[in-house]
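> Residue numbers (my numbering): 723 to 911.
Glycine included, C-beta positions come from ideal geometry on N, C-alpha and C.
Sharing a structure below in structure tokens format, with a few things to ask.
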């Protein structure tokens, strides 16, 4: 019983730490990747969330993501309101779920790579209809204007953002997971 309680406390502490790192990264790293669409800013917030979901499982990853999205919506990205919250939660949620579910069933380096690539592609695909609906509302430009931005700006941006976050997650997760797995029991298959 004592080990289970200690494991829950450690798991919760790791989730809180990853949430905090994600929020701090939002303040530090915000870069427009497509000059013609400067409203599309790269951020590294998904990296700690992905690390948490790979280490602790998809459910824990979604809890971390929900906390990050709520805090971001109330602070860093308050101007985007409920639209920003919804788009971030859905897009990153698809990325986190696809990546971590694949990795959960194939806990190897290849499984991690396949999960991250599949998650990045799934996120990019789900952002197409989300942008068509919500970006038009947010910018007040309408669906037709957003549709014209899909190929030259929105799709490449989402591929770059997810690709960068996947590459960094892969580079960081492998060394730190070996250390953290010694202390935390992860979700079972």
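Label residue 912 either buried or exposed according to how many other C-beta atoms from any shown protein chain fall within 10 Å of its C-beta, with 16 as the threshold for buried.
Since the first residue of the chain shown is 723 and the last is 911, residue 912 is not available in this structure.
> Measure the CB-CB distance between residue 743 and residue 770 and report whether it falls below 7 Å.
As a first step, residue 743 must be located in the chain shown, where it is residue number 21. As a first step, residue 770 must be located in the chain shown, where it is residue number 48. Contact flag set, yes.
> Pull up the distance between the alpha-carbon of residue 753 and that of residue 763, whole angstroms please.
Within the chain shown, the letter at position 31 stands for residue 753. Within the chain shown, the letter at position 41 stands for residue 763. Spanning the two alpha carbons is a distance of roughly 5 Å.
> In three-state DSSP terms, what is residue 895?
As a first step, residue 895 must be located in the chain shown, where it is residue number 173. In this structure, residue 895 counts as helix in the three-state DSSP scheme.
> Do you know how far the Cα of residue 862 is from the Cα of residue 806?
Translated into positions along the chain shown, residue 806 becomes position 84. Translated into positions along the chain shown, residue 862 becomes position 140. Straight-line Cα distance between these residues: approximately 14 Å.
> Considering residue 866, what are the terminal residues of the alpha helix (DSSP H) in which it resides?
Start at 1 with the first residue of the chain shown, and residue 866 comes out as number 144. Looking at the DSSP string, the run of the alpha helix (DSSP H) that includes residue 866 is 865-871.
> Helix, strand or coil for residue 853, going by three-state DSSP, please let me know.
Indexing the chain shown from 1 puts residue 853 at position 131. Residue 853 falls in the helix class under three-state DSSP.
> Could you give the distance in angstroms between the alpha-carbon of residue 804 and the alpha-carbon of residue 901?
Position 82 of the chain shown, counted from the start, is the residue given in the question as residue 804. Position 179 of the chain shown, counted from the start, is the residue given in the question as residue 901. Their backbone Cα atoms lie some 37 Å apart in a straight line.
> Spell out the partners DSSP gives residue 753 in its beta bridges.
Numbered from its first residue, the chain shown carries residue 753 at position 31. BP columns for residue 753 point to 764.
> Quick one: any contact between the region 852-861 and the region 823-835, if contact means 3 or more CB pairs under 8 Å?
No: the two stretches stay apart, fewer than three of their Cβ pairs being nearer than 8 Å.
> Does the beta-carbon of residue 761 have 16 or more other beta-carbons within 10 angstroms, so that it is buried, or is it exposed?
As a working mapping, residue 761 is identified with position 39 in the chain shown. Residue 761 is exposed by the Cβ-count criterion.
> Rounded to whole angstroms, what is the Cα-Cα separation between residue 732 and residue 906?
Within the chain shown, residue 732 is the residue found at index 10, counting from 1. Within the chain shown, residue 906 is the residue found at index 184, counting from 1. Computed Cα separation, rounded: 7 Å.
> On the three-state DSSP scale, how would you describe residue 911?
The residue labelled residue 911 in the question sits at position 189 within the chain shown. Confidence at residue 911 is low in this model, with a pLDDT of 48, below 50, so its placement is unreliable and the value that follows should be read with caution. Here residue 911 sits in coil by DSSP.
> Rounded to whole angstroms, what's the CA-CA distance from residue 747 to residue 784? Just pull it up for me.
Residue 747 sits at position 25 when you count from the first residue of the chain shown. Residue 784 sits at position 62 when you count from the first residue of the chain shown. Each residue's alpha carbon lies about 18 Å from the other.
> If you check the beta carbons only, do residue 809 and residue 852 fall under 7 Å apart?
Position 87 of the chain shown, counting from 1, holds the residue named residue 809. Position 130 of the chain shown, counting from 1, holds the residue named residue 852. Contact: yes.
> Is the beta carbon of residue 899 sitting closer than 7 Å to the one on residue 777?
What you label residue 899 is simply residue 177 of the chain shown in a count that begins at 1. What you label residue 777 is simply residue 55 of the chain shown in a count that begins at 1. In contact: residue 899 and residue 777 (Cβ atoms closer than 7 Å).
> Are the CB atoms of residue 782 and residue 849 within a distance shorter than 7 Å?
As a first step, residue 849 must be located in the chain shown, where it is residue number 127. As a first step, residue 782 must be located in the chain shown, where it is residue number 60. Contact flag unset, no.
> One question on the structure: do residue 816 and residue 787 come within less than 7 Å of each other, judged by their Cβ atoms?
Counted from its first residue, the chain shown places residue 816 at position 94. Counted from its first residue, the chain shown places residue 787 at position 65. Cβ atoms of residue 816 and residue 787: not closer than 7 Å.
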